[in-house]
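Residue numbers (numbering that gives the first Met the number 0), protein chains in the order written: chain L, 0 to 293; chain S, 0 to 192.
Contents: one structure, followed by commentary.
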Amino acid sequence: MIRFRPWLLTVLVLVLVSGVRAAEPAAEKPAAVEPAAREPGQAQPDALTASVKEVTGTVETRPAVGEPWGPVKVGMNLAEGADLRTGFRARCVLDMVDSLVQVEPLTVVRLGELARRDGQVRTRLFLKHGHAAAIVEKERIESDFRIVTPSATLSVRGTKDAFVGFFPDTGGTYGLGGPGLVGVRNHVLGKKTLCGPGQKTNDRIQAPGQLLQGQFLPVNLPGAGLGPKESFAAKRWHTSNPLPGGLQGPAGPPNLLGKNLGQQKDPNQSSLLNECGNHSGENGDYPNGGNGLM
Amino acid sequence: MRTVILAAAALALAAMPAAAAEPEADEPEPAAAEPVIPDTDAQFFAELGYKPVATASDTARALVVLVSEGQELGGDYDDCRQWLRRRDILPDAWLSEAGPAEAATKGRLARLLCKALGIEGGLWMRLFGPQPRLALQECAYLDLMTRGATYRHVEGGELVGVIDRADRLRTTGSPEEIPKLEGEPSGAKEAAP
């Protein structure tokens, strides 16, 4: 008969648990990311840099997101992924091999792509807001040059003085001052518009209702941006006007599941808000999950 | 019974060091972010572009930069308001008494802009002064601002755009004028025969 030994069982359990624990971190480690397989015949892109030709005023750059910003000086080389921002009356001219780009005041732009592949220089500028103008040499260089704004993309087909401007309130303006041709593809509709010399276009494609909503309804704000009198005045968010009589039910303002044009529930009735205090977080600011228009 | 107790104790012993050696201990905790006042105008306007709403503090500083033509970058909120008082832009009905985090609206901004740029407007504005509604109409007519309700809040990027257009209008006569760019890229010289 086999005799049962408690110490043996204990040792076995210890060994098993240690083995499982030792194996866990290895399983949690992310697998090394291998470079994407290239198609046969596809050339390795040569990374290019943009050299700074002129600087006026305060112009700052950072090599990548998360890196510290530093001043831009003439002769500096900016690699792909660099961000650039200009101050008041500050300008900067970049030589990007196939193009000259002038970054105008109060602009934030990223050098999204700048590389040569199969003899073609591929350039993508991501314009967050501000203005930029470009001279693109397509007669002597094979070039694929585009400026991307939040609402449209300007592609250049051999031209001088292509320009782009974008601000959130006015939208984008795209055009051509010199000879050549530019195409503007709208990101929402996918429709492309061509601009010849002296022509310009914009990306305002909002329906009339949306346009009026954008112009006349208050911005959906976090509570921190409001004064104490504005935040919940007259039991309504972001306005001091009282609720229209027809909408006032016996138990207070109705909650129409986000279609109530900003009529929110009283935060003091919410247990979550009572714990966190008013305006302490996103849930606290928008009890309906932020679905309201105000 | 003793076996079970021994096994449980062994499990607890095995789990304790493993729990203590969790990888969380290796990762440094992010330092608590402190509110930083932007040092340069480039930083101020770039960060302003990401804000969902422009505050009174942002408006005051942007106006100082605009009115001084970039010579003054403004300090804190009170310094900016003091500077604007010396230029007779303040007092007005809002900014002179607003808290720094109070939201700017289109009407308030238009009124300040008209005072800052000396926009006189038409007949009614000359008679009644830069009331928000009249001032906004005048700014929209000059393409400085988009039309809308006077009570609508101003986004951060919108304020940046207004300052940009106001300065372009003042210097070039058109809010969208871009100076002509001359020259050719370096690649064209290399590719030239």
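The beta-carbon is built from N, C-alpha and C at its ideal position, and this holds for glycine as well.
Nothing here was measured: the structure is a model prediction, and the numbers come from that model.
(message) Quick check: the Cα distance between S:Ser-185 and S:Gln-81, rounded to an integer number of angstroms?
(response) Position 186 of the second sequence holds residue 185 of chain S. Position 82 of the second sequence holds residue 81 of chain S. Roughly 49 Å between the two C-alpha positions.
(request) Could you please tell me which residues of the stretch 117-136 of chain S, in chain order, have their CB closer than 9 Å to any CB of chain L? (result) none
(message) In whole angstroms, give me the CA-to-CA distance for L:Asn-168 and S:Gly-160.
(response) On the first sequence, position 169 is the one that residue 168 of chain L refers to. On the second sequence, position 161 is the one that residue 160 of chain S refers to. Correcting the residue type first, residue 168 of chain L is Asp in the shown sequence and not Asn. Distance between the alpha carbons of L:Asp-168 and S:Gly-160 is about 8 Å.
(message) Check whether chain L comes within 7 Å of S:Glu-176, counting only Cβ atoms and requiring the distance to be less than that.
(response) Taking the second sequence and counting its residues from 1, the one referred to as residue 176 of chain S is at position 177. Closer than 7 Å: no.
(message) Tell me the DSSP secondary structure of L:Thr-85 in three-state form.
(response) Taking the first sequence and counting its residues from 1, one reaches residue 85 of chain L at position 86. DSSP places L:Thr-85 in strand when its eight states are reduced to three.
(request) Grab the span of the beta strand (DSSP E) containing L:Ile-146 for me, first residue to last. (result) Reading the first sequence from its first residue, position 147 is the one you call residue 146 of chain L. Segment 142-147, the beta strand (DSSP E) holding L:Ile-146.
(message) Looking only at its chain, what residues have a beta carbon closer than 6 Å to the beta carbon of L:Arg-109, apart from the 5 residues adjacent to it on each side?
(response) Residue numbering aside, residue 109 of chain L sits at position 110 when the first sequence is read from its first letter. The answer, listed in chain order, is Asp-82 and Phe-125.
(message) Just to make sure I have the definition right: I need the residues of chain S whose C-beta is within less than 8 Å of the C-beta of L:Gln-214. Which are they?
(response) Position 215 of the first sequence, counted from the first residue, corresponds to residue 214 of chain L. Within chain S, the residues near L:Gln-214 are Thr-145, Arg-146, Gly-147, Ala-148 and Arg-151.
(request) Can you have a look at L:Lys-137 and say buried or exposed, based on whether 16 or more other CB atoms are within 10 angstroms of its CB? (result) For the purposes of this step, residue 137 of chain L is taken as residue 138 along the first sequence, with counting starting at 1. Answer is buried; the Cβ neighbour count reaches 16.
(request) Identify each residue in the stretch 171-185 of chain L for which the Cβ-Cβ distance to at least one residue of chain S is less than 8 Å, and report them in chain order. (result) Thr-172 and Gly-176
(request) Would you decide whether S:Ala-41 is buried or exposed? Buried here means 16 or more other CB atoms lie within 10 Å of its CB. (result) Numbered from 1 along the second sequence, position 42 holds the residue referred to as residue 41 of chain S. Buried.
(request) Tell me, please, which residues DSSP counts as bridged to S:Gln-54. (result) The residue labelled residue 54 of chain S in the question sits at position 55 within the second sequence. Note on identity: in this sequence residue 54 of chain S is Thr, with Gln being the wrong assignment. Its beta-bridge partners are S:Ala-102.
(request) To the nearest angstrom, report how far apart L:Gly-182 and L:Gly-176 are at their CA atoms. (result) Walking along the first sequence from the start, residue 182 of chain L turns up at place 183. Walking along the first sequence from the start, residue 176 of chain L turns up at place 177. Cα to Cα, L:Gly-182 sits roughly 13 Å from L:Gly-176.
(request) Determine, using beta carbons only, whether L:Asp-97 and L:Val-120 come nearer to each other than 7 Å. (result) Taking the first residue of the first sequence as 1, we reach residue 97 of chain L at position 98. Taking the first residue of the first sequence as 1, we reach residue 120 of chain L at position 121. Yes, they are a contact pair.
(request) Run the CB neighbour count on L:Gly-179, radius 10 Å, all protein chains shown included, and call it buried at 16 or more, exposed below. (result) Reading the first sequence from its first residue, position 180 is the one you call residue 179 of chain L. It is buried - the Cβ of L:Gly-179 has at least 16 other Cβ atoms within 10 Å.
(message) Considering just the uninterrupted stretch of the alpha helix (DSSP H) at S:Tyr-140, what are its terminal residues?
(response) As a working mapping, residue 140 of chain S is identified with position 141 in the second sequence. Looking at the DSSP string, the run of the alpha helix (DSSP H) that includes S:Tyr-140 is 131-140.
(request) Could you say if the stretch 101-114 of chain S and the stretch 133-151 of chain S meet the contact criterion of at least three C-beta pairs nearer than 8 Å? (result) yes
(request) Report, in whole angstroms, the separation of the C-beta atoms of L:Asp-202 and L:Ser-142, which I expect to be a contact under 8 Å. (result) Residue numbering aside, residue 202 of chain L sits at position 203 when the first sequence is read from its first letter. Residue numbering aside, residue 142 of chain L sits at position 143 when the first sequence is read from its first letter. The Cβ separation is near 23 Å, so there is no contact.
(message) Classify S:Lys-188: buried if its beta carbon has 16 or more other beta carbons within 10 angstroms, exposed otherwise.
(response) Walking along the second sequence from the start, residue 188 of chain S turns up at place 189. It is exposed - the Cβ of S:Lys-188 has fewer than 16 other Cβ atoms within 10 Å.
(message) In the DSSP output, which residue or residues are listed as bridge partners for L:Pro-70?
(response) In the first sequence, residue 70 of chain L corresponds to position 71, counting from 1. Answer by DSSP bridge pairing, in chain order: L:Glu-59.
(request) For S:Gly-120, count neighbouring C-beta atoms within 10 Å of its own C-beta (all shown protein chains included) and say buried if the count is 16 or more, exposed if not. (result) Stepping through the second sequence from its first residue, residue 120 of chain S is reached at position 121. The residue is buried, with at least 16 neighbouring Cβ atoms inside 10 Å.
(message) Which same chain residues end up closer than 7 Å to S:Val-63 when comparing Cβ atoms and leaving out the 5 residues on each side of it in sequence?
(response) Against the second sequence, residue 63 of chain S aligns to sequence position 64. The answer, listed in chain order, is Glu-71, Gly-73, Cys-79, Trp-82 and Leu-83.
(request) Give every residue of the same chain whose Cβ lies closer than 6 Å to the Cβ of L:Ala-133, excluding the five residues on either side of it in the sequence, and list them in chain order. (result) Taking the first residue of the first sequence as position 1, residue 133 of chain L is located at position 134. Hits under 6 Å: Ser-98, Val-100 and Ala-161.
(message) Is it buried or exposed, L:Pro-104, if we count other Cβ atoms within 10 angstroms and call 16 or more buried?
(response) Position 105 of the first sequence, counted from the first residue, corresponds to residue 104 of chain L. By the neighbour-count rule (16 or more Cβ atoms within 10 Å), L:Pro-104 is buried.
(message) DSSP three-state label for S:Ile-118, please.
(response) In the second sequence, residue 118 of chain S corresponds to position 119, counting from 1. The answer is coil: DSSP assigns S:Ile-118 none of H, G, I, E or B.
(message) Residues of the stretch 131-145 of chain L in Cβ contact with chain A at a cutoff of 7 Å, in chain order, please.
(response) In the structure shown, chain A does not exist; the protein chains are L and S.
(message) List, in chain order, every chain L residue whose beta-carbon is nearer than 9 Å to that of S:Gln-42.
(response) Counted from its first residue, the second sequence places residue 42 of chain S at position 43. Those are Thr-57, Glu-59, Trp-68, Arg-84 and Gly-86, listed as they occur along chain L.
(request) Grab the span of the alpha helix (DSSP H) containing S:Ala-165 for me, first residue to last. (result) Locating residue 165 of chain S in the second sequence gives position 166, counting from the first residue. 155-171 is the extent of the alpha helix (DSSP H) around S:Ala-165.
(message) Quick check for students: name the residue ranges of the beta strand (DSSP E) that lie wholly in the stretch 85-170 of chain L, counting only runs of 3 or more.
(response) 90-94, 98-102, 107-116, 119-135, 142-147, 151-155 and 158-166
(message) Please list, in chain order, the chain S residues whose beta carbon lies closer than 8 Å to that of L:Phe-162.
(response) Reading the first sequence from its first residue, position 163 is the one you call residue 162 of chain L. By Cβ distance, chain S contributes Ile-177.
(message) Does the CB of L:Gln-209 have a neighbour CB from chain S at under 7 Å?
(response) Working through the first sequence from its first residue, we reach residue 209 of chain L at position 210. L:Gln-209 does not count as touching chain S.
(request) Counting only the same chain and skipping the five closest in sequence on each side, list residues whose C-beta sits under 7 Å from that of L:Gly-170. (result) For the purposes of this step, residue 170 of chain L is identified with residue 171 of the first sequence, where counting begins at 1. Contacts found: Ser-150, Asn-201, Asp-202 and Arg-203.
(message) Considering Cα atoms alone, identify which of S:Gly-182, S:Leu-47, S:Tyr-76 and S:Tyr-150 is closest to L:Val-135.
(response) Numbered from its first residue, the first sequence carries residue 135 of chain L at position 136. Answer by Cα proximity: S:Gly-182.
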